[in-house]
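S.K.: For reference, the structure I am asking about is given below.
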Amino acid sequence: AFGFMAASATVAEKLDHHPEWSNVYSTVVVELTTHDAGGLTELDVQLARRMSELAA
């Protein structure tokens, strides 16, 4: 879980878009939203896709 979070953090930094997440007992829960837009944006989708690739 920690390796996934570290790799995802690198991607998030490059996109300048950061998730709300937690890691409890090796289970990572991720919430993606753009608060300024009041919902999802293309950046959320991009980050979700990259994180899914990392988790596979």
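Residue 63 in the working numbering sits at position 43 of the sequence shown; the count goes up by one each step and never skips.
In this text, a Cβ means the ideal position worked out from N, Cα and C, and glycines have one as well.
(1) Taking only the alpha-carbon atoms, compute the straight-line gap between A21 and W41 and give it to the nearest angstrom.
(2) Are S28 and L74 closer than 9 Å when you measure CB to CB?
(3) Return the CA-CA distance between V16 and P39, expressed in angstroms with no decimal places.
(4) What would DSSP say about G59, mapped onto helix, strand or coil?
(5) Between which two residues does the alpha helix (DSSP H) carrying S46 extend?
M.R.: The relevant details are as follows:
(1) For the purposes of this step, residue 21 is taken as residue 1 along the sequence shown, with counting starting at 1. For the purposes of this step, residue 41 is taken as residue 21 along the sequence shown, with counting starting at 1. Their Cα atoms are separated by approximately 12 Å.
(2) Position 8 of the sequence shown, counting from 1, holds the residue named residue 28. Position 54 of the sequence shown, counting from 1, holds the residue named residue 74. Result yes, Cβ atoms of S28 and L74 sit closer than 9 Å.
(3) No statement about residue 16 is possible, as the shown extent of the chain runs from 21 to 76 and does not include it.
(4) Here residue 59 corresponds to residue number 39 of the sequence shown, with the count starting at 1. Residue state, collapsed to three classes: strand.
(5) Within the sequence shown, the letter at position 26 stands for residue 46. No alpha helix (DSSP H) contains S46, which DSSP labels as neither H nor E.
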